[in-house]
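As they're listed, the protein sequences go chains A and B. Basically the working numbering = 1-based index in the first sequence + 252. Basically the working numbering = 1-based index in the second sequence + 59. No residue lacks a Cβ here, since even glycine has one placed at the ideal position from N, Cα and C. Reading through the structure tokens given below for one structure.
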Amino acid sequence: MAPTATHTRPRVAVAKLASCDGCQLTLLDLEDELLDVAERFEIADFPEASSRRSPGPYDVVFVEGAVSTPEQAEQVQELRREARLLVTIGACATAGGIQALRNWADHDAFRAAVYEHPEYVESLARATPVSEHVHVDAELRGCPIDPGQLLELLTAVLLGRRPQIRDEAVCRECKRKGLVCVEVAQGIACLGPVTQSGCGALCPAYGRGCYGCFGPRRPGNAKGWSRALLAQGRPPEEVWRLFAGFTAYAEPFRAVVTELGVAKAAAGPGSPDRAGTA
Amino acid sequence: MVTSSLGTQWFLARSDLDSLVQALRADDRRVIGPTLADGAIVYDEITTAGELPAGWTDEQAPGRYRVRPSGDDHVFDYTVGPTSWKRFTFPPLLPITVADREGFTFAQPVPEIPPLAFLGVRACEVAALGIQDQVFLGGPFTDEDYRTRRGGALVVAVQCTRANATCFCSSMGTGPEVHGGHDLLLTEVAEGFVVEAGSARGSAVLERLPARQATHAEMGAAVDGVDACRSQMGEPLPMVGIQERLLAQLDHPRWAEVAERCLECGNCTMSCPTCFCTATVERSDLDGTRSTSERIWDSCFDAGFARVAGGDFRSRSRDRYRQWLTHKFGTWWRQFGSSGCVGCGRCITWCPVEIDVREELAAIAPPLPPAPEPVHVRPAAAAPGAYSVARVEAVHFETADTATLSLTELDPALLAGRPGQFAMVTLPAFSAVPISISRFRPDGIDLTIRAVGPTTTALVNLNHGARIGIRGPLGTSWPIEQAYGRHAVVVAGGVGLPPLRGLVDQLLAERSRFSSVMLFYGARTPADLLFADELKALGERDDISVALTVDRAGPEWPGRVGVVTTLFDQVSCDCARMTAFVVGPERMMQATIQTLIGRGVARDRIFVSMERHMECGIGLCGHCQMGRFFICKDGPVFRLTEIGDTFNREGI
Numbered sequence: 253m254a255p256t257a258t259h260t261r262p263r264v265a266v267a268k269l270a271s272c273d274g275c276q277l278t279l280l281d282l283e284d285e286l287l288d289v290a291e292r293f294e295i296a297d298f299p300e301a302s303s304r305r306s307p308g309p310y311d312v313v314f315v316e317g318a319v320s321t322p323e324q325a326e327q328v329q330e331l332r333r334e335a336r337l338l339v340t341i342g343a344c345a346t347a348g349g350i351q352a353l354r355n356w357a358d359h360d361a362f363r364a365a366v367y368e369h370p371e372y373v374e375s376l377a378r379a380t381p382v383s384e385h386v387h388v389d390a391e392l393r394g395c396p397i398d399p400g401q402l403l404e405l406l407t408a409v410l411l412g413r414r415p416q417i418r419d420e421a422v423c424r425e426c427k428r429k430g431l432v433c434v435e436v437a438q439g440i441a442c443l444g445p446v447t448q449s450g451c452g453a454l455c456p457a458y459g460r461g462c463y464g465c466f467g468p469r470r471p472g473n474a475k476g477w478s479r480a481l482l483a484q485g486r487p488p489e490e491v492w493r494l495f496a497g498f499t500a501y502a503e504p505f506r507a508v509v510t511e512l513g514v515a516k517a518a519a520g521p522g523s524p525d526r527a528g529t530a
Numbered sequence: 060m061v062t063s064s065l066g067t068q069w070f071l072a073r074s075d076l077d078s079l080v081q082a083l084r085a086d087d088r089r090v091i092g093p094t095l096a097d098g099a100i101v102y103d104e105i106t107t108a109g110e111l112p113a114g115w116t117d118e119q120a121p122g123r124y125r126v127r128p129s130g131d132d133h134v135f136d137y138t139v140g141p142t143s144w145k146r147f148t149f150p151p152l153l154p155i156t157v158a159d160r161e162g163f164t165f166a167q168p169v170p171e172i173p174p175l176a177f178l179g180v181r182a183c184e185v186a187a188l189g190i191q192d193q194v195f196l197g198g199p200f201t202d203e204d205y206r207t208r209r210g211g212a213l214v215v216a217v218q219c220t221r222a223n224a225t226c227f228c229s230s231m232g233t234g235p236e237v238h239g240g241h242d243l244l245l246t247e248v249a250e251g252f253v254v255e256a257g258s259a260r261g262s263a264v265l266e267r268l269p270a271r272q273a274t275h276a277e278m279g280a281a282v283d284g285v286d287a288c289r290s291q292m293g294e295p296l297p298m299v300g301i302q303e304r305l306l307a308q309l310d311h312p313r314w315a316e317v318a319e320r321c322l323e324c325g326n327c328t329m330s331c332p333t334c335f336c337t338a339t340v341e342r343s344d345l346d347g348t349r350s351t352s353e354r355i356w357d358s359c360f361d362a363g364f365a366r367v368a369g370g371d372f373r374s375r376s377r378d379r380y381r382q383w384l385t386h387k388f389g390t391w392w393r394q395f396g397s398s399g400c401v402g403c404g405r406c407i408t409w410c411p412v413e414i415d416v417r418e419e420l421a422a423i424a425p426p427l428p429p430a431p432e433p434v435h436v437r438p439a440a441a442a443p444g445a446y447s448v449a450r451v452e453a454v455h456f457e458t459a460d461t462a463t464l465s466l467t468e469l470d471p472a473l474l475a476g477r478p479g480q481f482a483m484v485t486l487p488a489f490s491a492v493p494i495s496i497s498r499f500r501p502d503g504i505d506l507t508i509r510a511v512g513p514t515t516t517a518l519v520n521l522n523h524g525a526r527i528g529i530r531g532p533l534g535t536s537w538p539i540e541q542a543y544g545r546h547a548v549v550v551a552g553g554v555g556l557p558p559l560r561g562l563v564d565q566l567l568a569e570r571s572r573f574s575s576v577m578l579f580y581g582a583r584t585p586a587d588l589l590f591a592d593e594l595k596a597l598g599e600r601d602d603i604s605v606a607l608t609v610d611r612a613g614p615e616w617p618g619r620v621g622v623v624t625t626l627f628d629q630v631s632c633d634c635a636r637m638t639a640f641v642v643g644p645e646r647m648m649q650a651t652i653q654t655l656i657g658r659g660v661a662r663d664r665i666f667v668s669m670e671r672h673m674e675c676g677i678g679l680c681g682h683c684q685m686g687r688f689f690i691c692k693d694g695p696v697f698r699l700t701e702i703g704d705t706f707n708r709e710g711i
């Protein structure tokens, strides 16, 4: 990407699909840097922040949320047309999010269980990441995204270089911080070894296991980790629950969730998690 | 009070341990020691001895770490914690450059580095500090930040009196005794600590402690404690020659198997006290006016660690695991003069999938079978006329004119011979001929003989049960050890294969000692190939690669046609790590040698077997001279550099 001309500020839009708005809020929560960002970028369209909307095209479109409805499937095409750079932000946009758990379940049964009049609800059978629909130029992982990575991406846009997003395990951040491994020292199931870093090992720092909100590292050996967790004597339900979270639909977590889901189902109707998906 | 401390052992009561902490702090040092935090023994700043984890111990196993009360008041009754001391000498994050675009300056930040005292450094960890000294300070380029941090740190070592299941310092030669590198050395016994100074700095601290001279009983108890720790670790692992053993196994299938388990999380490299790889990341303000380069701990397990524009040199997980293990235990020796492993076991304990380097080393680079004692070979019958009698057990025709005689009921001296040697063979009324021994079996030998003269014709026409006269073994044998840890290539032309057949047997018997074993064999026609069935069987094995060629052949021959040197076109291994054994007609050997040298094989790793007319086989008849050598007793096997100019010179 070429450096932006100095006299024009890059035009930025922030859009949302099926999501909770938490990732967009990360932009507003930049606090110390927000004025700098506003000075150097033209925030052209950001309904979460302002009702003043300016039409495209845009230099950068941040897209939050998964594609969950027919309307969103059309909207994402329109966003792509308006965007020079399309950046997905958060677990929903990059991996399908928690709503993608329905991709393993009966969509109609879900709707019937939740809504009194499911016939009024138009939703797709599967919730999918934006990259299943259009080309994505960059992605920021996490639930929510990390403000440091967001700033790094904005800096990269201004400087015309690739953002430095490290492809490494959460374990690496734990170890650099001197945190004691919760898995080895306390037996807490943790997705850190197969999850991409960027969060600063937030959960392990508070004594809990990583739940993979930054999604799988690539290539990553999710299958090897699920095998090892099972070999520790953990029940398939527990391991399934670990992988079947915010980024369950991203490969290679998806393959593990599918495989363990089958194992779980085979364990019989007494299995406590069977209702958990509905 | 202590007055003269160096070399003397002192005793410090457990209740006086705080005097040590305060003496260390009195020099404005921050004291770093073991503390109990987050379910582990973590090295952190302490201000009193009361913060040390007295009464706690740890249990470590592959992928598992737990602390529990020990049931007594010992202060150091655990082994190594999750974090190594490198965190204080080699910080996980260090700003190294601050750049300013406006003034266009690059400045090196000078951090304030307070002097530290490390309290409770175990033997393996003292050794690890020494290894990182070599890495960061031992070469032409040095890490001055490390020098400052390390030089300012006072090391109070503690000898372990118990071991965990993951400990193997005794195998790496780094513990449990501390071998120098400390300022003070403590060994915990029943009522307190036996203390020794290891430096003038340490003596100065010791002189301020309320210590008294240790009794013989206390000193004995300290030795017993360390001995108990050693015996808990069991037999040391067979580490002799590990670097060569490992580097000989770059193609071992186990690399792919361990990669199936490995998560590439990098916990091993992060917790390793010697791993030193780093990456640099840039932090800048939004428009890049001011930026800071930060050096962070990196790991060779990262997918991008060896990436360049256009690709990744180690693109597979197995490549990355192999890089780590072969560096740690192998190539580190050449770079820094020691192993990169100190046996602390952290990479085993903190591996979430319980990969144990000890098991991987045993599977990938198993200990070599004990090297055979060099056999001092004496002829079974030294006098030119003294033959022993052997019986022909079987005759197998290899080609129309060449047969293998399997002999039994032999003089035991012949059975003790080595591949490459030969025997003088005769029948009554026939003159003796030198025949190379083509195989050694537990109860006999094979001679492969081509009928070219009266004696050899008579020999190949013998029947089962016939007797022959034999003298041997004679001459030199193949120096197989010259191929240890290397690619062994055997090149035969025509009837040159028999003296190499026993060598191939031996290479395969000791297969784990070699990176690869190759056999290249060329004959005039397919009908002239010796040991055809055996070659076919060898060709189906995966621990030897066999390539055949013939000079000419009819359409029924499916294989290659051409001289034996053309087979080298398919060699892809590193020829600098090759040892070659060559036998055939001299012209074929000359061509082979030129090809080998052209491909980078060292001249002193090329061995040939020479043939000359022989009457006696023991250097008395004068027939077999080649320059200064008697082929029969100085050869027939020679190192190429030994024979030098005389090789292939016409008329010698």
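Item, Value
"Residue range of the beta strand (DSSP E) that includes Trp115 (chain B)", "115–120"
"Asn520 (chain B) burial status per 10 Å Cβ neighbour count (16 or more: buried)", "exposed"
"Contact with chain B by Glu294 (chain A), beta-carbon distance below 8 Å", "no"
"Interfacial residues, the segment 304–336 of chain B to chain A, with Cβ spacing under 7 Å", "Glu319, Arg320, Cys321, Leu322, Glu323, Cys324, Gly325, Asn326, Met329, Ser330"
"Straight-line gap, Trp314 (chain B) to His386 (chain B) (C-alpha atoms, nearest Å)", "14 Å"
"Reduced DSSP category for Gly686 (chain B) - H, G, I as helix; E, B as strand; rest coil", "coil"
"Three-state class that DSSP yields for Gly450 (chain A) in the structure shown", "coil"
"Bridge-paired residues (DSSP) for Ala270 (chain A)", "A:Ala318"
"Alpha carbon of Glu285 (chain A) to alpha carbon of Pro262 (chain A), nearest angstrom", "17 Å"
"Other residues of its chain near Glu457 (chain B): CB distance less than 7 Å, five sequence neighbours each side excluded", "Thr463, Thr507, Leu589, Phe590"
"Glu435 (chain A) at chain B interface by Cβ criterion, 8 Å", "yes"
"Range covered by the beta strand (DSSP E) that runs through Glu161 (chain B)", "Per DSSP, Glu161 (chain B) belongs to no beta strand (DSSP E) and is neither H nor E."
"Neighbour flag for Glu341 (chain B) against chain A, beta carbons, 8 Å", "yes"
"Whether Ser229 (chain B) touches Pro295 (chain B) by CB criterion (8 Å)", "yes"
"Coarse secondary structure for Met253 (chain A), derived from DSSP in three states", "Only weak support exists for where Met253 (chain A) lies, its pLDDT of 45 falling under 50; the coordinates are left without a value."
"Status (buried if at least 16 other CB within 10 Å, exposed otherwise) for Val416 (chain B)", "buried"
"Residue from B:Val667, B:Asp633, B:Cys680 with nearest C-alpha to Arg658 (chain B)", "B:Asp633"
"Interface flag, Asp346 (chain B) vs chain A, CB-CB below 8 Å", "yes"
"Any chain A beta carbon closer than 8 Å to Tyr124 (chain B)", "yes"
"Neighbouring residues, chain A, relative to Asp775 (chain B) (Cβ below 8 Å)", "This structure cannot speak to residue 775 (chain B), because chain B is shown only from 60 to 711."
"DSSP-derived helix/strand/coil call for His435 (chain B)", "Here His435 (chain B) scores only 48 on pLDDT, less than 50, and its place in the model should not be relied on; the value that follows carries that caveat. Note: His435 (chain B) maps to coil in three-state DSSP."
"Between the CA atoms of Arg450 (chain B) and Ile494 (chain B) - distance to the nearest angstrom", "16 Å"
"Any non-hydrogen atom of the ligand NAD within 7 Å of Phe314 (chain A) CB", "No copy of the ligand NAD occurs in the structure displayed, which carries no ligand at all."
"Through-space distance from Pro558 (chain B) to Leu474 (chain B), alpha-carbon basis", "15 Å"
"Below-8 Å beta-carbon distance, Glu420 (chain A) vs any chain B residue", "yes"
"Cβ neighbour criterion (16 or more within 10 Å) applied to Arg208 (chain B)", "buried"
"Close Cβ partners of Gln329 (chain A) (< 8 Å) along its chain, the five nearest in sequence each way excluded", "His385, Val386"
"Cα-Cα separation between Leu245 (chain B) and Leu178 (chain B), rounded to whole angstroms", "10 Å"
"Per-residue DSSP class, three states only, for Gln167 (chain B)", "coil"
"Rounded C-alpha distance that separates His238 (chain B) from Val285 (chain B)", "13 Å"
"Check whether Ala424 (chain B) and Leu305 (chain B) have beta carbons under 8 Å apart", "yes"
"Distance, Ser447 (chain B) Cα to Thr467 (chain B) Cα", "12 Å"
"Straight-line Cα distance separating Ala480 (chain A) from Cys442 (chain A)", "12 Å"
"Sequence-distant residues of the same chain with beta carbon closer than 6 Å to Lys268 (chain A), five excluded per side", "Glu316, Gly317"
"Residues that DSSP places opposite Asp297 (chain A) in a beta bridge", "A:Ala265"
"Status (buried if at least 16 other CB within 10 Å, exposed otherwise) for Gln276 (chain A)", "buried"
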